[in-house]
Amino acid sequence: MQDNELCWDKNLILGIPAQDTRSVFQAIASYLADNTGLDPRAIFTGLMEREALGSTGFGAGFALPHALMPNLASPSNVLVTLRAAIEFNAPDDEPVDVFLAVIWPQNEQEGFLPGLARQCRLFRSKKVLAAVRDARSETEARSVLSALASEQDLLETVRS
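Residue 156 in the UniProt record's numbering is what sits at position 156 of the sequence shown, and the numbering runs on without skipping anything.
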């Protein structure tokens, strides 16, 4: 499994109403269950158990909740923005309004950590976060994110 299997071609939800971590994770679990065939309760539990180990908030209003899942055939993700940011125990104490949730096959962990690291590098950019927050439609967000991800790929290639 490679991290390039994580993309935003279909997996994007803008402006969901959520009041807390549980409601965000429930929406994420429901979406990912529809895409993977897994039980949404299992996904929700996996995300909550990982979060209990320590916050997946990275600062600047971004979080990367993730879980390793049994019986998952291939990685899946969803990028979610909220109508209003929620408290999330992020290291900078800022509320979070952009979530990139990732679930990965438990029995095929190759590529998992590099995949998370690549997503972190992309979303550490204020330019990327601003583009996601400013997007007026999923189509606009996909277009901007694809361009910015390609730009990052080019920069990483030049640096290596």
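Cβ atoms here follow ideal geometry from the backbone N, Cα and C, with glycine treated the same way.
Owing to the predicted nature of the structure, the values given are computational and were not obtained by experimental measurement.
Between THR21 and VAL80, the alpha-carbon positions lie close to 13 Å from each other.
Sequence-distant Cβ neighbours of CYS120 in its own chain, meaning closer than 7 Å and more than five residues away, are PHE58, LEU64. Per DSSP, LEU113 has no beta-bridge partner at all.
Within the DSSP secondary-structure output, MET48 pairs in no beta bridge.
Excluding residues up to 5 positions away in sequence, PHE25 lie with their Cβ nearer than 7 Å to the Cβ of MET48 in the same chain.
Secondary structure of ARG124 (DSSP, three-state): coil. Only residues of its own chain outside the window of five on either side were considered, and among them LEU68, PRO75, PHE112 have a CB closer than 6 Å to the CB of TRP104, listed in chain order.
Assigned with DSSP and collapsed to three states, ASN35 falls in helix.
Residue pairing from DSSP places SER76 in a beta bridge opposite ILE103.
The three-state secondary structure of LEU64, taken from DSSP, is coil.
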